[in-house]
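There are 2 protein chains.
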Amino acid sequence: MATIGDVAKAAGVSRSTASYAMSGKRPVSRATRERVAEVVSALGFTPNAGARALATSQTHVLGLLVQFHEDEFAPAMLQYILGISETARGLGYDILMATEEDGAGALRRITKSNMVDAVVLLDVTDEDPRLDDLRSAEKPGALVGLPGDCAGLDVFDLDFAEAGRALIDHLCGLGHRELILVSPPAHVFERGGAYAWRFRDAAVERARAYGARIHAECGESRPPAISASLNRVLDRYPEATGMVVHNDASVVALRSVLFERGVRVPSDLSVVSLYSSDFGRDFSVPFTAIESAPDQLGRMAVQQLVRRIESPKLDEPYVTRFISPELLDRGSTAAPRSAPNSDR
Amino acid sequence: MATIGDVAKAAGVSRSTASYAMSGKRPVSRATRERVAEVVSALGFTPNAGARALATSQTHVLGLLVQFHEDEFAPAMLQYILGISETARGLGYDILMATEEDGAGALRRITKSNMVDAVVLLDVTDEDPRLDDLRSAEKPGALVGLPGDCAGLDVFDLDFAEAGRALIDHLCGLGHRELILVSPPAHVFERGGAYAWRFRDAAVERARAYGARIHAECGESRPPAISASLNRVLDRYPEATGMVVHNDASVVALRSVLFERGVRVPSDLSVVSLYSSDFGRDFSVPFTAIESAPDQLGRMAVQQLVRRIESPKLDEPYVTRFISPELLDRGSTAAPRSAPNSDR
DNA sequence: CTGAAAGCGCTTACAG
DNA sequence: CTGAAAGCGCTTACAG
């Protein structure tokens, strides 16, 4: 591989001039600038990343910490990863992705060795064990997902509480008063997946405000338990006219469950959910739903990180930003057949 | 951040001794070794990756080139990515992941700047434009997917031809003689997705050897075209008793299509496919299928790469390795109701 | 068993 | 407008 020394020699200038000609950080005469450029492309020169990082303390790499919890629905994760990767590249950054179990260890490794300039954490939980390490790392960090304590970090998430309310508003606005809510699996609550209870608690409260009954249950993450749990809850509350599904695995399985039961949507049952439209497209999930906007969240996180990296030490305050939920009507809801409360 | 100079000073030794004490590449007295170790953990010393890479020409990072073709079914890709990432970590390597459109450009960038020690390419096509750059990069490269020309590269793929034959054997062995084959979408063939025709051609040939009729069609990648195309082919060949689906998007959509048509599996129709068991689990796809083994392919690619990186210049010949297809019987096939050929 | 020193390939004050 | 030189933080022959 050609080094900057080779470039300098071939162009008949010093290494510093070669460097400045390429970076533009110092005026260089047009003639030498062009000569250097020619030599660079003739030699196919590309600066050595390690050497540059050593000299500048900047790697132009972002760390991406992905965590695959047991029993989690992995496919939806890809949307976040892609959004982050593409945004990063657009801003001149590469992505170092760590998927290992020990997220805190991975964080320390890539951060302390200076492999990355900053790091984004996916799938953050309420008391995420990675956050202490993130705070003591002297690299900016952004989270996708809301932890219990946001101090010292930039946090981005969907407004799940508002999402829950919006879906209840939608169903109750149509006249539904007997609802089923399928939440994420119990282990998501257990490990502190705050989005699960933020959504549920807000939905339940809002439903009560309408005087509606809402039956909240946890979904499952693996077949055949997924379908079994959906069948169970449908058996238990036959009078329900509306269903809110806050769980990817369940929403994918729901269609066949409803087919098998002969339940028509929306005439027999109105269904609403929360997922990304890419996800809905890939799996032909046809329900009216809040857009979970994974690409947008990833983009915001990366943009904030890059600003922190590149802005010269301005102590911008840390932000916690919630995306407002947007409802995409796919026609899976209608007014209930019978008047509310009529068969109680 | 502490440097090795800090460690050396605190331990009262030279920097070289500190280095050797940590690497073990030279005998160091027990006493100083322990003192260094203490200081290291007290200071939380981690070597600077850029400096180390500069000194050793090794980054302990593997490049991962992911490509998301338009209209491709992205979720299945995650399995490959995870297999690769986890295997790499187990061997002491991190993953630099590039997802941009211009795969050849990404390859050049990470390779020429020495950001990675080697690179694995996913979703390789017959005349993959990245391969020229890979060959002229002085880094080892491994492919997942079979290109037209494997020279100078290590290649890993499922034996799709054998997979096609195995599925035909399975159906024809049960007595089916009227078959439908749903291949990947036409644009996969167009851009040189060799797995598509390797599978199809072998399946068609094998079916003919049984004297069976096989109707090969391309699937679609987006709703509602996916379901529409499945319905179309089922309409066109009502006498078919067996179906081979070689397309993730179609296989996910197939269940509801069959439900809606009132077609029972396997009593009305035997269905076989090809996908990973993780995929089948996540999307409750219940068909007898060849395991596509993404994790295994990723693992093989990484292992080979690491051997090439770490083996001192032994000119091991390049390999092209095919995984033998394994059929997982999920009970979605049975003998056809009517004797073969009876209604022709 | 240990140290002083060179070198990896850049960038960037310092000088002119 | 340009060059010579120091320095980033490691590793590893070279010497002892």
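Protein chains in written order, with the working numbering: chain Y, 993 to 1336; chain F, 993 to 1336. Don't be surprised by glycine CBs; every beta carbon is placed ideally from N, CA and C.
{"Check": "Just how far apart, CA to CA, sit A1043 (chain Y) and G1042 (chain F)?", "Outcome": "6 Å"}
{"Check": "Give me the subset of the stretch 1216 to 1232 of chain F whose CB atoms are less than 9 Å from a CB atom of chain Y, sorted by chain position.", "Outcome": "P1216, I1218, S1219"}
{"Check": "Which residues in the same chain have their Cβ closer than 6 Å to the Cβ of Y1187 (chain F), if we skip the five residues on either side of it in sequence?", "Outcome": "F1152"}
{"Check": "For G1272 (chain F) and D1321 (chain F), I'd like the C-alpha separation in whole angstroms.", "Outcome": "12 Å"}
{"Check": "How should R1192 (chain Y) be labelled, buried or exposed, when 16 other C-beta atoms within 10 angstroms of its C-beta is the threshold for buried?", "Outcome": "buried"}
{"Check": "At a CB-CB cut-off below 7 Å, which residues of chain F make contact with A1010 (chain Y)?", "Outcome": "Within chain F, no residue comes near A1010 (chain Y); the closest Cβ sits about 16 Å away, beyond 7 Å."}
{"Check": "Taking 8 Å as the threshold, find out whether the stretch 1224 to 1242 of chain F comes into contact with the stretch 1046 to 1062 of chain F through three or more Cβ pairs.", "Outcome": "no"}
{"Check": "Can you say whether T1048 (chain Y) is buried or exposed, counting buried as having 16 or more other CB atoms within 10 angstroms of its CB?", "Outcome": "exposed"}
{"Check": "Inspect the CB distances between the stretch 1083 to 1100 of chain F and the stretch 1081 to 1091 of chain Y and report whether three or more fall short of 8 Å.", "Outcome": "yes"}
{"Check": "Return the residues of the stretch 1010 to 1044 of chain F that lie within a Cβ-Cβ distance of less than 9 Å from chain Y, sorted by chain order.", "Outcome": "G1036, F1037, T1038, P1039, N1040, A1041, G1042, A1043, R1044"}
{"Check": "Which residues in chain Y have a C-beta closer than 9 Å to the C-beta of A1066 (chain F)? List them in chain order.", "Outcome": "P1067, L1070, Q1071, L1074, D1270, D1274"}
{"Check": "Opposite G1133 (chain F) in the DSSP bridges: which residues?", "Outcome": "F:V1111"}
{"Check": "Figure out for me which residue from F:I1206, F:D998, F:Y1072 has the closest Cα to the Cα of F1037 (chain F).", "Outcome": "F:D998"}
{"Check": "When the Cα atoms are used, what is the spatial distance from H1207 (chain F) to E1170 (chain F)?", "Outcome": "8 Å"}
{"Check": "How is N1333 (chain Y) classed by DSSP in three states: helix, strand or coil?", "Outcome": "With a pLDDT of 45 at N1333 (chain Y), under the threshold of 50, the modelled position of that residue is not reliable, and the figure given next carries that caveat. Here N1333 (chain Y) sits in coil by DSSP."}
{"Check": "Taking 8 Å as the CB-CB limit, is I996 (chain F) close to chain Y?", "Outcome": "no"}
{"Check": "Run through DSSP, which three-state label would E1154 (chain F) get?", "Outcome": "helix"}
{"Check": "Name the chain F residues that come within less than 8 Å of I1301 (chain Y), Cβ to Cβ?", "Outcome": "Result: empty, since nearest Cβ-Cβ is about 16 Å, beyond 8 Å."}
{"Check": "At which residues does the beta strand (DSSP E) containing A1096 (chain F) begin and terminate?", "Outcome": "First-last for A1096 (chain F): 1095 to 1104, but that is the alpha helix (DSSP H), not the beta strand (DSSP E)."}
{"Check": "Between F:P1258, F:G1323, F:S1219, F:D1260, which lies nearest to V1243 (chain F) when the distance is taken from Cα to Cα?", "Outcome": "F:S1219"}
{"Check": "What does I1102 (chain F) touch in chain Y if you count any residue whose Cβ is under 9 Å from its own?", "Outcome": "A1041, D1086"}
{"Check": "DSSP three-state call for L1163 (chain F): helix, strand or coil?", "Outcome": "helix"}
{"Check": "Determine the extent of the alpha helix (DSSP H) in which V1294 (chain Y) is found, giving its start and end residues.", "Outcome": "1286 to 1302"}
{"Check": "When the distance is taken between beta carbons, is D1120 (chain F) closer than 8 Å to V1136 (chain F)?", "Outcome": "no"}
{"Check": "For R1157 (chain Y) versus A1194 (chain Y), is the C-beta distance shorter than 8 Å?", "Outcome": "yes"}
{"Check": "Label R1228 (chain F) either buried or exposed according to how many other C-beta atoms from any shown protein chain fall within 10 Å of its C-beta, with 16 as the threshold for buried.", "Outcome": "exposed"}
{"Check": "Against chain F, does V1116 (chain Y) count as a neighbour if the rule is that its beta carbon must be under 8 Å from one of theirs?", "Outcome": "no"}
{"Check": "What does DSSP give as the partner residues of L1226 (chain Y) in its beta bridges?", "Outcome": "DSSP lists no partner for L1226 (chain Y)."}
{"Check": "Contact defined as beta carbons within less than 8 Å: I believe V1237 (chain F) pairs with V1174 (chain F). What is the distance between those atoms, to the nearest angstrom?", "Outcome": "5 Å"}
{"Check": "Am I right that H1168 (chain F) and P1328 (chain F) are in contact with their C-beta atoms under 8 Å? What's the rounded C-beta distance?", "Outcome": "5 Å"}
{"Check": "Checking 8 Å against the spacing of the C-beta atoms, do A1155 (chain F) and L1266 (chain F) come in under that value?", "Outcome": "yes"}
{"Check": "Starting from the Cα of Q1050 (chain Y), find the closest Cα among Y:E1252, Y:L1099, Y:V1108, Y:R1313 and give me that residue.", "Outcome": "Y:V1108"}
{"Check": "Tell me, please, whether the CB atom of L1083 (chain Y) is closer than 8 Å to any CB atom in chain F?", "Outcome": "no"}
{"Check": "Cβ closer than 9 Å: which chain F residues qualify as neighbours of L1046 (chain Y)?", "Outcome": "N1040, G1042, A1043, A1045, L1046"}
{"Check": "Would you mind working out which of F:L1099, F:V1020, F:I1315 sits nearest V1005 (chain F), comparing C-alpha positions?", "Outcome": "F:V1020"}
{"Check": "Quick test of the definition: if touching needs 3 or more C-beta pairs under 8 Å, does the stretch 1123 to 1142 of chain F touch the stretch 1024 to 1031 of chain F?", "Outcome": "no"}
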